[in-house]
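Contents: one structure, followed by commentary.
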Amino acid sequence: MTTRRHFLQQAGLTTLALSIPFSDSIAQALGKEPKVLRVAIMGLGSYGSRVAEAMKDCGRAKLVGVISGTPSKIAQWKEKYGLSAQNCYSYETVDQIKNNKDIDAVYVTTPNALHKEHTLALAKAGKHVICEKPMATTAKEGKEMVDACKAAGVQLLIGYRMHFEANTLDIVKKQRAGEFGKTLFFQGLSGFVIGDPSQWRLNKALSGGGAMMDIGIYSINGARYLLGEDPIWVTAQETKTDPIKFGEGVDETITFQMGFPSGATASCLSTYSLNYLDKFFLSGTKGFAEMQPSTGYGPIKAKTHSGPLEHSHVTHQTTQMDEMAAIILDGKQPLIPVNGEEGLKDMRIVDAIYKAVKTGQKISL
Ligand code: NDP
919 MTTRRHFLQQ AGLTTLALSI PFSDSIAQAL GKEPKVLRVA IMGLGSYGSR
969 VAEAMKDCGR AKLVGVISGT PSKIAQWKEK YGLSAQNCYS YETVDQIKNN
1019 KDIDAVYVTT PNALHKEHTL ALAKAGKHVI CEKPMATTAK EGKEMVDACK
1069 AAGVQLLIGY RMHFEANTLD IVKKQRAGEF GKTLFFQGLS GFVIGDPSQW
1119 RLNKALSGGG AMMDIGIYSI NGARYLLGED PIWVTAQETK TDPIKFGEGV
1169 DETITFQMGF PSGATASCLS TYSLNYLDKF FLSGTKGFAE MQPSTGYGPI
1219 KAKTHSGPLE HSHVTHQTTQ MDEMAAIILD GKQPLIPVNG EEGLKDMRIV
1269 DAIYKAVKTG QKISL
């Protein structure tokens, strides 16, 4: 069998090439430039801006266009990133993107409750969609998005940047290889103190919920990739100290528990009222892994029973976009999936957590 290393040695390529995705190496050995994913960003806010900056360092993804409701931002971005006028759209003109052969995919970084309508419009226009988390505000919406993209023959990926982070992947590989023994407990703490009470994150119509939608979803997702299985039940409890700031349907703090087929359990906290909460802990019969911070922009700090992990920090969104280009263009299979079905699994759990809060019952999944 030709391993990647063997192939590169035969092709006379250096060890440097080992850090480049396999398909890129083949393309380079054949003297071809690897294909680049041409991306437009929809919603030029704080996160869209972060992704745009990170993409400057990508080898396989390039920012080529925007979709925005704010003409002054379009003008700034055109100038800053050298975008052509034909690749800039408003939400009203976005259906015209179907005639644009210079855009392969659109990265949706608008408020949560708009993800569904934006994804459906882009699928209809025949563009691959990368959609931010949470993929939607309910599993029902998420399912519609998955179905629409499937029907249109386009890929739907969710912006789970941690799925490509080196320390995270190392721990996932160790867990799958049995280095921690039988992993029977996960703890996830996800929270920060949210500021401006007038922001969309505290407006149910745009956010779909509160801290759970925004930050608690990291603990849900982290429990799944670190334990390597999906929960079969949840229980949850809500507390609210400020019902003015956190109105009806906007959760401030939820503690929740998940049970898994192996017998493992997860105990998690999601909150908009405490800082210094970005921690994962995984406990097994032979060892443990601890990450703090575990999902922030990094550097991620991780250790196991054998000592600290030393993977160097790379801007998460740079790695994510290069890897997503390989998924979309080359059919690469990531170790932890990032497709619409993966986002939908998290949305089903979010739905169940809200139901558990409301009913006080243990909810089966
Ligand atoms: P921002 O408010 O900073 O930006 C959202 C942008 O969406 C706005 O600037 C605006 O851009 C556009 N928009 C369209 N309609 C509306 C509307 N009705 N109200 C407000 N904005 C609107 O939000 P973020 O960038 O922080 O978050 C965007 C998404 O990214 C969310 O889903 C969030 O969960 C996710 N996110 C993910 C992170 C991660 O690490 N993966 C981190 C942070 C956020 P324009 O003026 O161009 O139309």
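Oh and the sequence shown: position 47 is 965 in this note's numbering, straight run, nothing missing. Idealized CB from N, CA, C, for every residue including glycine.
Non-local C-beta neighbours of Pro-1029 in its own chain, meaning closer than 7 Å and more than five positions away in sequence, comprise Trp-1118, Leu-1124 and Ser-1125, ordered along the chain. Per DSSP, the continuous beta strand (DSSP E) segment holding Thr-1183 begins and ends at 1183 to 1189.
Non-local C-beta neighbours of Ser-1002 in its own chain, meaning closer than 6 Å and more than five positions away in sequence, are absent. A direct Cα-to-Cα measurement between Thr-1153 and Val-1275 gives close to 8 Å. For Asp-1169, the shortest C-beta to heavy atom distance toward the ligand NDP is 7 Å or greater. His-1223 counts as exposed, since fewer than 16 other C-beta atoms from the protein chains shown sit within 10 angstroms of its C-beta. For Ala-1070 against Lys-1042, the beta-carbon gap comes to about 6 Å, under 8 Å, which counts as contact. Tyr-965 has its CB nearer than 7 Å to a heavy atom of the ligand NDP.
Counting other Cβ atoms within 10 Å of its Cβ, Asp-1132 reaches 16 or more and is therefore classed as buried. Ranked by how close their Cα comes to the Cα of Pro-1052, the residues Ser-1137, Ala-1039 and Asn-1085 have Ser-1137 in first place. In its own chain, leaving out the 5 sequence neighbours on each side, no residue places its CB closer than 6 Å to the CB of Ser-964. Taking C-beta atoms as the reference points, Val-1256 and Tyr-1078 count as a pair closer than 8 Å. Within the model, the alpha-carbon separation for Pro-1252 versus Ile-1162 is close to 43 Å. Under DSSP, Cys-1006 shares a beta bridge with Val-984. In the same chain as Thr-1159, and ignoring 5 residues on each side of it, the C-beta atoms closer than 7 Å to its own belong to Glu-1170 and Ser-1191, in chain order.
A distance criterion of 7 Å places the beta-carbon of Gly-983 beyond contact range of the ligand NDP, judged by its closest non-hydrogen atom. Taking 4 residues as the minimum length, the alpha helix (DSSP H) runs contained wholly in the stretch 1110 to 1164 are 1122 to 1125 and 1135 to 1145, in order along the chain.
Every beta strand (DSSP E) of 3 residues or more that sits fully in the stretch 1004 to 1061 is shown, in chain order, as 1023 to 1026 and 1046 to 1049.
Judged by DSSP secondary structure, Ile-1271 falls within the alpha helix (DSSP H) whose first and last residues are 1258 to 1277.
By alpha-carbon distance to Phe-1206, the top candidate from Gly-1096, Ala-1031 and Thr-1011 is Gly-1096.
Within the DSSP bridge table, the entry for Gly-1202 names Thr-1101 as partners. Secondary structure of Pro-1226 (DSSP, three-state): strand. The closest heavy atom of the ligand NDP lies 7 Å or more from the beta carbon of Glu-997. Between the beta-carbon of Lys-1034 and that of Glu-1062 there is about 6 Å, and that keeps the pair under the 8 Å contact cut. For His-1234, the closest C-alpha among the options Gly-1249, Asp-1013, Asn-1085 and Lys-1263 is that of Asn-1085.
Contact check between the stretch 961 to 980 and the stretch 1257 to 1268: fewer than three CB pairs, one atom from each, fall below 8 Å, which does not count as touching. Below 8 Å, too few C-beta pairs join the stretch 1240 to 1251 and the stretch 1102 to 1113 to call them touching: fewer than three. In this structure, Asn-1005 has its beta carbon at no less than 7 Å from each heavy atom of the ligand NDP.
Between Ile-1089 and Leu-1144, the C-beta gap is smaller than 8 Å, which places the two residues in contact. As the crow flies, the alpha-carbon of Lys-950 is around 21 Å from that of Ile-1021. A distance below 7 Å between beta-carbons, with the five flanking residues on each side excluded, links Pro-1211 to the following residues of its chain, in chain order: Asp-1196, Ile-1218 and Lys-1219. DSSP places Ile-1246 outside any beta strand (DSSP E); the residue lies instead in the alpha helix (DSSP H), whose first and last residues are 1234 to 1248.
Annotation: the continuous alpha helix (DSSP H) that includes Gly-966 extends over 964 to 973.
A distance of 8 Å or more separates the beta carbons of Ile-985 and Ala-1023.
Closer than 7 Å to some heavy atom of the ligand NDP: that describes the Cβ of Trp-1118.
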